[in-house]
Structure formats: C-alpha cells, structure tokens
Amino acid sequence: MTTEWAHTITPDALKDDFDAGAIQRGSAYARQHRVAAVQWDDGKRRLTGRCQGTGVATYSVRVAFSHLGPGWKLADAGCTCPVGYFCKHAVALLLTFADEAATAATPPIQRSPQWERTLQVLYSENHPKPPEKLALQAFLSSPSLFASRARRTQLALRPMRPGTRSAWIKSGVDWPAIIDIKSGTFAAQQLSVLQSMARDSMRTTPYGLPHGLILAEAPATIWQQLDAAAAADIRLLGDPASGINTVHVAKRAGLTVSVSGEVGADAHVSIEVTIDGNAVPTSEVTILGKADPHGIGYLDADGVLTLAPFDSADAPAAALLQGDQPIVIPAADVSRFADVVLPRLRESVPIRVDDSVFVAPTISGPTPVMTVRFTGDVAHTHWAMRYLVNSTPRDLDDAIGTQPSWRDRVVEERIWESIRDALAAVALTSGAAGRRLIAAFDAQQGSGRVRQTDEVEPADYAEAVNGVTTHFLRHDVHLNPLETARLCAEVLPALAGRDDLIVEVAEVAQRYRQVTERARLRIAGSQSADTDWLDLDITMDVDGEQIPIAEVLAELSTGATHMLLPSGVYFPLDSPELVKLRQLMDEAEVLGEAESGRVPAVPTNVTLWEELLELGVVDEQLQAWQERIAKLSAARPPEPVRPPAMLDATLRDYQLDGLNWLSFLWDNGFGGVLADDMGLGKTLQTLALFARARENGATGRFLVVAPTSVVNNWASECHRFTDLRAVTITATQARGRTPLAEIIADADVVITTYALLRIDFPAYDEQQWAALVLDEAQFVKNRNSKAHLCARRLTTPFKLAITGTPMENNLMELWSLLSITVPGLFPDPKAFADYFRKPIEKGEDPERLPVLRKRIKPVMLRRTKDQVARDLPAKQEQILHVELSARHRKIYDTRLVREREIVLGLLGDLEKNRFQIFRSLTMLRQLSLHAGLVDPADAEVASAKVDFIREQLPELIAEGHSALIFSSFTGFLDVLRRELDGDGITYSYLDGSLSSRERAEAVSAFTEGTTQVFLISLKAGGFGLNLTEADYCFVCDPWWNPAAEAQAVDRTHRIGQTRPVTVYRLVSADTIEAKVVALQNRKRELFSAVVDDGNRFSSTVSADDIRHMLD
C-alpha cells in the first residue's frame, strides 16, 4: 500500500514542516545510510526507526501522519536527540522510507500532455520569483524536555513565511536560519529587521533562540525593532493554538505605585498598570526584560495580545510586578514609611497615596545642632538639623535615607550657610578634616592637582573654607588628644554664646588650658665621665612645668603645631627658639656633633653651639664652655697680631686681616681654607704666617704642595719677602737619586708638586712638618684621588688649603678640602651629603646654604676683589716664573747653543745683520713658549705656560671673571685655541688677519658676555679695542717693545678705574724671556714704539744687550 504515495516524500515536500538546515543535514544522513530498523505501522499511521548521530550516539525517531496518500501531511515528528522534534534525524528517516518504497515499486514513467508542457514555461525554475514576505508570530513556547521547568511555557516570537498548503509556515525561517540567510529569497528590508532582532536577542538569551524569541528575556531594543517591523510591512500574527488571535503594539504602558489604608491600620502597597491610559489586571501582565524591565505583554480574554513599552520613569516600579507576595506595611511602621521611604519613592516613581493613610504632623525648626562626645581623651563632633515634630526633637543629618516628607532642604542650606564660620572653626580644629577640605576644594575647582600638607598655606585653608559648599564643612570630625584640647579650650567657648545654633557636650573628663606665654629654654651641663665630652641638659619651662627637650623635639618631629601635657595644659611649638633649636639639634645629631645628649668639650663646629646657647638661659657650669665657643667662633686673635719682622712687605688691610685669621687658626690648632679671589695675595699672606710662626719658635719645616707651573713662583716669593730658606723639589727620589731628607736638610720651606707628593709619599710622611699648605687645592677636590688621600694622611698639626674656587661642581668638593684641613668639622661624608649637599643642590631646602656658610665661616676665609677694592691699586701686576718641562728644556738648550754661535758671529756688523739676529732671537722666544712653534715635530711636547693658563681659566670663569691673553706669536695663540677647544672653553680671537667686520664680531662676543676669554695678538691688540669687560690679563711672552706691551695691557687698565685689574706676566725661567725682562728693567727706555710690521727688533738694542741675552 505504501508504494502508492511514499515516493512523493522529497526534500522539497518537507519544506512546510522542517527548516532548511534540518532538510539539508537529514538528506546527507539518508545518503550515508545512517537510518536503520525502518518500520511502518499502517494502522497507527506511524513511521519509526533509528538514526546514527554525528558521533556514536543512536537516536530513536518516530513520525506520525495526519493524512496519507499523495496529499500526505505530518502530525508530529519526535526524536530522542537534544532538539527533540522536527529534527534532521526525522528528515533522514522519512527520506530513507521514501527511497525504500521507490526501490520496491518504481512507478511507470508517463509523458506530460501538450497543454501542461506549454504552461510549464510560466513556472520554470529559470523564471525569477518575487521575494517572499516575512511575518512575526506570537505564540506560547513549548521547548523540549531539556529546558528548565520555568521556561516550559513562555510568550515568544518566531519568524514565519508563506506556505504552499497553508498561509504561513515556520519551516526554513527559524531564528538561527534568519541570521544565516544571505540570498534574495526574502524581502530585503524585512529580512534586515528580523536579523537585527535576532542578533540583539541572542546577546541576552543564554540558550539561543531554538524555540523562539522569549519576550521575557528580550532586550529593550525590541521596541525599536517592532516599530521597524511595522514600517517594513511585517505582519504580526497570532497563534490560535496558543490562544492568541491577534497581536497589537501599544504606545505606552504606565505603572503607578498605590498606597492605601486607614489611619492607625496597616498600609498596603500595590501596582496599578495601564496601557495607553486603560487599566489592565496586574495579575495578567507579563514583564518584558526581567533583568532590566522595559515593557509588558497583556493577553486578554478575547485572545488579543498587547505589547507596550514603559516610560523610563515607570521602569523602577516594574520590580514590584515580579514579586509574588503583596507588600503590607504594619501600622507601627507607617509613620517611618511616611517620613523616610515615601519621599524617596516620590522622587523615583509615580505614586498615589490615599488621603486616609496619614495625618500631617506639626513641624517647627530647623536649628543646627552640634553634639560632642568623648572616647577617653579624644572627641567626636557631629552636625545635624533639629526639627520639633509634634514637640518632639528630631535630628536629621546628611546620611542617606533620612528624608522625611516635611524636611525642607532649601531652608536647611540657607541656615548652614549662615553659620559657615562655626562649621569652619570646628572642621579646621582637625588636621585630617582640614586636609579633606583642601582636597574637596581642589576637586571642586577641577584643577586636577593633589596638594601635600607641606604645600598648603594658612591662606589656602581660608580660600577652601569660603570656596566649598557647607556640605564638606559639616562632616563628622574625629579629633586626636591635642585637637580635643584645642576644641574644648578655644572653639567650644566661642560657640556656646551663640543663639543661632545648639552645642551639646557630653561630660568632659579633662580640663584643658592654653598657655600663650613664651616658654623659656634652660641649658645646663656637666662634665662627662669621658673628659672629651660634656653632658648637655636642655629643658623647657612651660607654666612652671619642666619638660625635657627630647620630648618637645619628638613632638616637633611629628609635624605638630602644639604640645599637650598630661595636666591638660598645651602650648604652641612654632616659637622661633624652638624651631631654631630643632634645626640645630638635628644638625648636631646628623653631623656627629651630639651623641645621646653629650657634646664635645672642645667642639669643632663652634658656630652651631654658639647659636644654640644663645637660645636660652645657660647655667654657671656651662659658662666657661660658652665663652670658649664664642672666642673660637670669632676666628680672630683677641688682639691683632703684628706682621713678622722678617717679612719684607707691607701688608694691606685685608692682608693683615688674613694674617690675623691664619694666626688664629695656627694658635688654636685648626686648619682652614684660604679662598681669596685670584690676585689678592694668598701666597704673601701664607708666607707672613710662616714668618710669624718661625719667629714665635715653631719648629719643623713648612711643606707647600702646588702645581708644577707655580712651584718656582713660590720659591721666588719666599726669597723676595722673607728670610726663610726655600727648596723646590723637581724630581722623584728615584730619578734624582738623592733622598728627600738630604735635599731639605737646610730648608725652612719645602715646595713640591702634587705628583711628587703622591709618588714619594712615604718619604714625605717620614718628615716632621710644621704645616702643610695645598696651593691650587682643586687638585685634591676628588676625595677618591691618591693626591687627596696623601694630603689627608700626611702627619702635621696644621693644614691649609689655598684656592680661589673651593667649590666648582658640587658641595662634596668643599667637603673634600675641609676633610683635609679641619677633619673634625664634618667627619662623615654621607651625613654631609644628606644634610647639606642634597637639600641645597636639589633646591629642596635653600636655607641650608646660609647655615653651611655660617658653619664654615671660622675656618674658611674668602674675600673678592670687589670686597677689598679700596685696598687694591688700579692695576696689580705680577711676574710668574714657570719652569720648562725636562723635554722642553733639553730642546731649548740644544737650540740655544746653535743659535748663540750664529748670533755671536753676526754681531761684528750689527746693523747689516740685524734681521738675521732678530730671527734667531725670535726663534728662541718662540721656543721658550712652545717647542712646536719652531719644529712641528715637537708639537706634542708639553708647554708649562699652556698648562698654567689651562689651570687658571676654569677657576676664573667659575668666579665670573673675564680674561685677555696676549701673545706676540699667532702660532702660540693657535696652540691655545686647540687646547681651549678640547677643554670646552669658548673664546674670542683676534689677530691682524681679521677683517674689520670679523674684528667687530669678535669684540662684540666678548663684551656681550658670550665669551669670557679673548685671545689677542700684539698687532691686533695695540689699538682700537674696548676691553671694558676684562679684569684679568695674561701676557704670555715679554715683548721687545715695552711701550707696546704697556699699551696692550692698558686696554685692561681702563676697567681698573672701576674694577681691580690683575696682570700676570708669564716668564719661562732660565730662557731668553728672563733676559728680556731683566733688560726691560735695566733699560726700559731703550725700547721704542714699534714701527713697520711690529715684529722687528728694536734698533736701540745694542750688541752688549744681545750678548747678555745669550749668556
């Protein structure tokens, strides 16, 4: 019987009942022969079988028919797979059944009649079909058994399409299929709307949409999409099987909270629902969007389903619709509901309250009230507004929830504003509250900054108090013990007399009192068991109470502004004496000047202790110590010293003061740093000290360590100004082959170099030295250098550092000098760096710099030219003799022998051979400057003059000076240029080859301060220059014409009228230069003005003069 119609079951014929995906996958399963045990029950019209799934699972499938034959119809298709019904396994069973029937009896092939073939053209597959329309059907979802019980029957939407045997069918257009469809089968606008609806809903539905779009889980966008569906002509269909006949989308669903009841009885809260203004039964309403309600669905008795969205104001009330139990407010809680809950409900949702529920109370007030309660020795303040409700006080604060209906916030804010001063007084009593206030003000201003406590000034608090709302001023305040004392003694008495607020204070256990009288410091001391120390005892007298200073300093270290005593007395800690005391004690502890209350019996840091003792009353036991400190701090002898008799020089006033200072250091066993400006006679002052010490019976030799370039100058000055015997050390013991002790046996003053001290340090350390003097002490500023270590380790009772720049790069250079000369002043480099260097150099505490200056004042003397200008001549000149290096000396002496023979042979006819003689003498002058000027092969030979100038310029520039450097040889100036370029020193340059424009540019750069060094040749520097910016002049080589030399120097002498000018004439010792200088001194009148090119030898120089130069 089945063979008559079963073969008509085809994939196309199944489209009315199965979606496209199920048909496609089921057809594949049938072709793969996955179906077995196919059985047909003709009586029950039921087909059964088993189908293998994608894995090893096998599912039981059953399909029931409602009609048989060519017009067959399916009644049901069930399966044990997760989908449960109308699945791919049912398709596979049906197609396998059809295939088996077709195989059993193949129907005869019949040719269509002519009329059918003619009409067939009209519905050919090649003829384009119009796009199908889509619809939405509302139905009651009945998912598979795998769904939870709560989701068994729910209102849902699903897509529909036109069917072949019925108006609308669901096959092929379930929600997953809608999302995947990309062809033009359906109307494009309708398809787009449903795809958007599917995508949005799948984001909020954890189970996907296999059984329809569950409206209870639909997102809020469903309303816009329903509007879009209507615009796209998508019909809304009912499902009679679900009891839904028609579907309608309304404009608005309204929710109103209703409160009903009688006075003295329970109150009832319910929800009233309306759709477009018409009331509907609340119990029949379905909420759309359970997590975030946005609308309702209502199915009436006539099968009309109405969907309606909420207004945003109504949405919060939807939460009550989801509750199962009615809301009942017990009669005892009705008043609280009226005072607290109802006002907030009115702000959130539409609400209707029966007039019979409440009786309005009698209200008076409000009045601000501050309550103060105590926990031990700390207080807590709280502000509130007090209303009288039926004559009963009711205090309301800013806490959330206290919003009775009769509360008047506008009036309250006006009252709070009227007592802003009182609110501020209480708030600012607390440091924490004050910080919160500043933070609130900054946030309110939108500045984005976060100020630390130390960045806030008193004026900032006043600005914040006036700038923030009173809400920030009336926060609860929790005070510490000191703040509690200030509140009780200062703030509460001021508030108690006011009639615009109420202050209620709990019982106070302590009585507080502020002491405003200036506290007195008492300083006492006694000899420690260790005779090198004194026990120091500092106390503070406050209102008759003696307080150990350690307790006061501990309180100060916390940043406290006041100190509270156990008696309840408190006093301010901002007195100048206490602030200064704290600074001094901190400094003493950090720098090792104080140790557990003990101080040195003979302190080195005398100015620190002098300042400390001046802060209070010193007892009798400390007076002797105080007097000694005062004398040491003065850093001068009680009576000015007399210049020593052997000193062959007249000391100017400032030099006499320098001798007094040096004598003070010598007499008290201190070392020091003589840091006078360049050119003020530091060498002479030091020699005066040597002479005084020797005349006063000092034994031992004076050791002077200096750069090589000034060793001979020290010896020259010593011979010139004193009777002291000076010896210069120019070679190491190994090279000189003579022991140091033998060389210095008859010397009073020994002059050596830093290199030699370092190399032969054991030999130097074996000697008995009366003093060590370090000239140009910047050579030992590096505390890690061997020269520094040797200077520190050398045994001698007196050490003096001489330098015009005791600090060039950082403060540790100053520490290095002091660690050699006054090692007890700042013994710990780390402590010095932490207390002085870092705060000063980083700008964290600029006040530390004057403190440091004060500490070193007794042991460092510095005078600048400007300070002692009245004692200086307009121009101060000094001849510096420099020694050639050994290699330079050998080259010079060799050439001298050669040129002497040539010149002496030409002197017979001086006038005829003058040019050739001049050439030879000029060559020797150049050779005295730099060997490379004569032979380029000797360009790398060191020049003592170049080294000296390179040593001096950084110091001069660091002090703000400017210098002119003259030479008659442009070749030597070129050497200097290369060296200054390597040293990173900028300069101006001028010689006769420059154009007038280039000359003007060079002068402009110097006068405007772009450069501080000016290299000038004789030819260019003799005229037309304005050198008003220079105060130092270096004459690198003596010139044949002393008038021309004087004319060039006078370019700097002009500024001598307003600023001191120092002129250094550099002379290479034991060379033709020394003979030229001697000749100038003997026969200065012989040199006339330069004529012609300015480099010719003067015709007034005689043959005898020339012979003398070559001797």
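Its first residue numbered 63, the sequence shown is counted upward by one per residue in our numbering.
Just so you know, even glycine gets a beta-carbon here, dropped at the ideal spot from N, CA and C.
From the DSSP output, read off the bridge partner residues of residue i.
| i | result |
| --- | --- |
| Tyr1049 | For Tyr1049, which the question treats as bridged, DSSP gives no partner whatsoever. |
| Phe127 | Leu136 |
| Val1139 | DSSP output for Val1139 lists no bridge partner at all. |
| Phe1076 | Leu1026, Ser1050 |
| Val97 | Cys113 |
| Gln199 | Arg220, Leu299 |
| Gly734 | Leu862 |
Under 7 Å Cβ to Cβ from residue i, same chain only, skipping five residues before and after it: list those, please.
| i | result |
| --- | --- |
| Arg899 | Asn872, Leu873, Met874 |
| Gln978 | Leu968 |
| Leu1018 | Met740, Ala1025, Tyr1094 |
| Ala84 | Phe148, Cys149, Lys150, Val153 |
Residue i by DSSP, collapsed to three states: which one?
| i | result |
| --- | --- |
| Gly741 | coil |
| Lys1007 | helix |
| Met708 | coil |
| Asn307 | coil |
| Phe80 | coil |
| Phe1031 | coil |
| Gly905 | coil |
| Pro170 | At Pro170 the pLDDT is 49, less than 50, meaning the model places this residue with poor confidence; the figure from the coordinates comes in the next sentence. Reduced to three states, the DSSP call for Pro170 is coil. |
| Lys900 | helix |
| Asn258 | Residue identity differs from the one stated: residue 258 is Ser in this sequence, not Asn. Residue state, collapsed to three classes: helix. |
| Ala249 | coil |
| Met432 | strand |
| Cys780 | helix |
| His850 | helix |
| His69 | helix |
| Lys30 | Only positions 63 to 1173 of the chain appear in this structure, which leaves residue 30 out of reach. |
| Tyr632 | strand |
| Cys550 | helix |
| Gln940 | strand |
| Asp890 | coil |
| Val570 | coil |
| Ala446 | strand |
From the options, pick the residue whose C-alpha is nearest to that of residue i; which is it?
| i | options | result |
| --- | --- | --- |
| Leu966 | Arg951, Ser982, Ile813, Asp955 | Ser982 |
| Ala380 | Leu367, Pro355, Pro371 | Pro355 |
| Ala370 | Arg925, Ala777, Ile425, Gln286 | Gln286 |
| Glu651 | Pro543, Tyr91, Glu607, Leu887 | Leu887 |
| Pro192 | Glu162, Phe248, Ala239 | Phe248 |
| Asp39 | Thr443, Arg754, Glu346 | Nothing can be reported for residue 39, as the shown portion of the chain is limited to 63 through 1173. |
| Val421 | Ala489, Leu557, Gly493, Ala327 | Ala327 |
| Ile609 | Met625, Ser480, Ser619, Pro455 | Met625 |
| Phe534 | Glu569, Arg497, Arg917 | Arg497 |
| Trp230 | Lys77, Gly630, Arg1127 | Lys77 |
| Thr116 | Val125, Trp237, Gln94 | Gln94 |
| Thr748 | Arg962, Val811, Gln506 | Val811 |
Just to confirm, does residue i get its C-beta within under 7 Å of one of the non-hydrogen atoms of the ligand FAD?
| i | result |
| --- | --- |
| Lys244 | No copy of the ligand FAD appears in this structure; indeed no ligand is present at all. |
Go through its chain and collect everything with a Cβ distance to residue i's Cβ below 6 Å, but skip five positions before and after it.
| i | result |
| --- | --- |
| Gly994 | Asp1000, Ala1001 |
| Asp295 | none |
| Arg142 | Note that residue 142 is Thr in the sequence shown, not Arg. Contacts found: Tyr121, Ser122. |
| Ser322 | His330, Asp416 |
| Leu989 | Tyr954, Arg957, Val996 |
| Asp822 | Thr794, Gln795 |
| Tyr574 | Ala547, Cys550, Ala551, Gly630 |
In chain order, what residues of the same chain lie with their CB nearer than 8 Å to the CB of residue i, ignoring the 5 residues before and after it?
| i | result |
| --- | --- |
| Leu563 | Thr429, Pro430, Val431, Met432, Ile481, Ala484, Leu557 |
| His310 | Leu298, Val366, Leu367, Thr368, Leu369 |
Count the CB pairs spanning the region 762 to 780 and the region 825 to 835 that are closer than 8 Å, and state whether there are at least three. yes
Touching or not, the region 723 to 733 and the region 880 to 890, by the rule of three or more beta carbon pairs under 8 Å? yes
Specify whether the region 1023 to 1038 and the region 844 to 857 touch according to this definition: at least 3 beta carbon pairs, one from each stretch, less than 8 Å apart. no
Looking at C-beta atoms only, is the number of pairs between the region 333 to 348 and the region 291 to 309 that lie closer than 8 Å three or more? No: the two stretches stay apart, fewer than three of their Cβ pairs being nearer than 8 Å.
Do the region 534 to 548 and the region 439 to 457 meet, that is, are 3 or more Cβ pairs less than 8 Å apart? Under the Cβ criterion (8 Å, minimum of three pairs), the region 534 to 548 counts as touching the region 439 to 457.
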